[in-house]
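K.L.:
Note that the working numbering numbers the sequence shown so that position 203 is 189, with each residue one more than the last.
The beta-carbon is built from N, C-alpha and C at its ideal position, and this holds for glycine as well.
Quick caveat: nothing in here was measured; it's all calculated off a predicted structure.
One structure, as structure tokens, below. Some questions next.
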Amino acid sequence: MDRRHRVASIIAGLIVSTGALALDVNVVGLFPNKAVVQIDGGALQTLSVGQKTREGIVLLSVEPDGATFDIQGQRMALGLGHARMQSTRVASAMAIVDERGHFVADGQINGVPIRFTIDTGATFISLPASEARRLGLDYLNGRKAMMETANGVATAYRVRLDAVRLGDLTVNNVDAVVMEGDSLPVALLGMSFLNRMDIRREGQIMTLTKRY
């Protein structure tokens, strides 16, 4: 955990324990100049930079891995998922709709950050070859196959991922395919991960809860 995340965790503990005005602030999702937050376990809210909630929380800025708020007069930087008050809960994760209208979520493969597009029509987690190389996957040793895509037939390699993380969810030994060429522009979170989840959609929010 880096210094900023350690600081965020410490700040979060202070928010929970500083008395009657304490607030539980959970950063669920991040977009350019916007953050999705949950306050005191209430409904999810999408805040724009400069916007103030009825609890007196103002979103000041958005960074790649967190956001900075003015919380009742105190400037606080929180990372994704920090400031959770509940210590026991069902493992879950949330995806939100991006500017293209697709559900997306930030996660990790083998500990390396990656942004997924949720695709219930994909059999496996599917990765562009460029992303696989960035993740350090030795995919060329995987089983080679030819797969039909929207842009025609493409060369693919079957691999197994040691660990895939999304929010509180971690799934080990997950099947995936790596696609060569330009047939796949984004990383898809497919059914080799999603089939272990209960999926619930509420407007622009998708909640994943681990079944097993």
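Given a threshold of 16 other Cβ atoms within 10 Å of its Cβ, counted over all protein chains shown, does residue 98 qualify as buried or as exposed?
P.N.:
Numbered from its first residue, the sequence shown carries residue 98 at position 112. Per the 10 Å Cβ criterion, exposed.
K.L.:
Identify which residue in 48, 78, 35 has its Cα closest to the Cα of residue 183.
P.N.:
Here residue 183 is taken as the residue at index 197 of the sequence shown, counted from 1. The shortest C-alpha separation from residue 183 is found at 78.
K.L.:
Assign residue 179 to buried or exposed, taking buried as 16 or more other Cβ atoms, counted over all protein chains shown, within 10 Å of its Cβ.
P.N.:
Counting from one through the sequence shown, the residue named residue 179 turns up at place 193. Under this definition residue 179 is a buried residue.
K.L.:
Quick check: the stretch 155 to 168 against the stretch 111 to 121, are at least 3 beta-carbon pairs closer than 8 angstroms?
P.N.:
Contact holds: three or more Cβ-Cβ distances are below 8 angstroms.
K.L.:
Nearest by alpha-carbon distance to residue 92: which of 84, 86, 85, 101 is it?
P.N.:
Walking along the sequence shown from the start, residue 92 turns up at place 106. Checked all of 84, 86, 85, 101; the closest Cα to residue 92 is 101.
K.L.:
Return yes when the Cβ of residue 95 is within less than 8 angstroms of the Cβ of residue 210, no when it is not.
P.N.:
The question about residue 210 has no answer here: the residues shown for the chain are numbered -13 through 198.
K.L.:
Give me the Cα-Cα distance between residue 43 and residue 112, rounded to the nearest whole angstrom.
P.N.:
Position 57 of the sequence shown holds residue 43. Position 126 of the sequence shown holds residue 112. So the alpha carbons of these two residues sit roughly 39 angstroms apart.
K.L.:
Would you kindly work out how many angstroms separate the C-alpha atoms of residue 46 and residue 196, rounded to a whole number?
P.N.:
Numbered from its first residue, the sequence shown carries residue 46 at position 60. Numbered from its first residue, the sequence shown carries residue 196 at position 210. Their Cα atoms are separated by approximately 33 angstroms.
K.L.:
Leaving out five residues on either side along the sequence, give the residues of the same chain with a beta carbon under 8 angstroms from the beta carbon of residue 105.
P.N.:
If you number the sequence shown from 1, residue 105 lands on position 119. So the qualifying residues of the chain are 112, 174, 175, 176.
K.L.:
What residues match up with residue 184 in a beta bridge as DSSP calls it?
P.N.:
Working through the sequence shown from its first residue, we reach residue 184 at position 198. In DSSP, residue 184 forms a bridge with 195.
K.L.:
Could you tell me if residue 114 is buried or exposed, where buried requires 16 or more neighbouring beta carbons within 10 angstroms of its beta carbon?
P.N.:
Indexing the sequence shown from 1 puts residue 114 at position 128. Buried, since its Cβ has 16 or more Cβ neighbours within 10 Å.
K.L.:
How many Å lie between residue 48 and residue 34 at the Cα?
P.N.:
Within the sequence shown, numbered from 1, the residue matching residue 48 stands at position 62. Within the sequence shown, numbered from 1, the residue matching residue 34 stands at position 48. Those two C-alpha atoms are separated by around 9 angstroms.
K.L.:
What are the boundary residues of the alpha helix (DSSP H) that residue 119 is part of?
P.N.:
Position 133 of the sequence shown, counted from the first residue, corresponds to residue 119. Segment 115 to 120, the alpha helix (DSSP H) holding residue 119.
K.L.:
How is the beta strand (DSSP E) around residue 51 delimited, first residue to last?
P.N.:
As a first step, residue 51 is located in the sequence shown; it is residue number 65 there, counting from the start. Careful: residue 51 lies outside any beta strand (DSSP E) and carries neither H nor E.
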